[in-house]
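Data first, discussion second: the structure below is written as structure tokens.
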Amino acid sequence: MNKQTLFRTSTGLSSELIIGLALALSLLTAFTSHSADSWVHPILPGTRACEDIKLEVLMLESVSKWGEKGHMSGTCTYYNFSPALVAIEGVETSGGDFYPSVTNQVANDPKGKWEIIKRSVPPGKAATTKVQAKARSKPLTLDLDAFVAMMGKFKYGRVVLKTGDSAIFDLDYLRPPPSAIK
Numbered sequence: 000m001n002k003q004t005l006f007r008t009s010t011g012l013s014s015e016l017i018i019g020l021a022l023a024l025s026l027l028t029a030f031t032s033h034s035a036d037s038w039v040h041p042i043l044p045g046t047r048a049c050e051d052i053k054l055e056v057l058m059l060e061s062v063s064k065w066g067e068k069g070h071m072s073g074t075c076t077y078y079n080f081s082p083a084l085v086a087i088e089g090v091e092t093s094g095g096d097f098y099p100s101v102t103n104q105v106a107n108d109p110k111g112k113w114e115i116i117k118r119s120v121p122p123g124k125a126a127t128t129k130v131q132a133k134a135r136s137k138p139l140t141l142d143l144d145a146f147v148a149m150m151g152k153f154k155y156g157r158v159v160l161k162t163g164d165s166a167i168f169d170l171d172y173l174r175p176p177p178s179a180i181k
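Sequential numbering from 0 applies to the sequence shown in numbering that gives the first Met the number 0.
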């Protein structure tokens with residue numbers, strides 16, 4: 000542990016990382032207007048589904064919906080705790096957003112069998128983002144539209160990178176936060 004790290008959580012996350020995430024999500028929430036049609040739902044550390052399963056290196060940090068017929072998307076970050084560089088394949092849109100190639104899955108038991116569901120690929124060019132050793136990725140965008148139809152049928156969603164790393168989330172995160180409901 001370096002001198003600047005105040006503490007590490009039981010999952011090995013540094014205090015700076017947790018404080019930075021909390022600050023970024025707080026600012027995102029503060030500067031985002033909420034309505035039933037457009038909203039952002041931050042997911043703070045310690046509130047993720049199934050944290051007891053394993054340390055997640057891919058963490059879903061917020062879910063958002065824009066407009067009445069808008070798409071449901073998520074923002075996540077890949078935390079590379081390994082000593083080697085990690086390459087994540089995906090698509091880069093004309094707006095500069097990077098969508099990693101993922102397999103979408105749903106389940107009612109996070110330790111049980113997962114069912115694969117459809118995945119949409121945004122228009123853009125094939126790209127790879129590299130995550131240096133002991134570093135975090137730039138923001139990664141997920142298309143979560145396919146999970147909306149699974150709400151009420153399944154409890155959990157999971158996105159799995161080609162590397163095998165995944166992020167598990169409660170499908171209730173796809174509902175608008177209370178501040179968006181009038």
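Cβ coordinates follow ideal geometry from the N, Cα and C atoms, glycine included.
Everything numeric in this text was worked out from a predicted model, so none of it was measured.
Please say whether residue j and residue i have beta carbons closer to each other than 7 Å?
i	j	result
Val-90	Tyr-98	yes
Met-71	Val-147	yes
Leu-141	Gly-73	yes
Met-150	Val-105	no
Asn-107	Phe-153	yes
Lys-161	Glu-60	no
How many whole angstroms separate the CB atoms of residue i and residue j, which I take to be in contact at a CB cut-off of 8 Å?
i	j	result
Ser-119	Ala-145	7 Å
Ser-139	Val-62	Just to set this straight, residue 139 is Leu in the shown sequence, not Ser. 13 Å between Cβ atoms; not a contact.
Determine the closest residue to residue i out of the options, with distance taken between C-alpha atoms.
i	options	result
Lys-133	Leu-139, Ser-100, Val-101 and Phe-80	Phe-80
Ser-100	Leu-170, Val-158 and Ala-83	Val-158
Tyr-155	Asp-96, Ala-126 and Ile-116	Ile-116
Ala-83	Tyr-172, Val-130, Gly-111 and Glu-60	Val-130
Ala-86	Thr-92, Trp-65 and Ala-126	Ala-126
Ile-167	Gly-111, Ser-93, Gly-95 and Gly-123	Gly-111
Val-56	Pro-109, Arg-135 and Tyr-172	Arg-135
Leu-170	Ser-93, Thr-128 and Pro-109	Pro-109
With 16 as the cutoff for other CB atoms within 10 Å, does residue i come out buried or exposed?
i	result
Glu-114	exposed
Lys-137	exposed
Pro-177	exposed
Lys-64	buried
Contiguous alpha helix (DSSP H) assignments of at least 4 residues, all confined to the segment 124-167: 144-147
Going along the chain, which unbroken runs of the beta strand (DSSP E) with 3 or more residues stay wholly within the segment 57-83? 57-64 and 71-79
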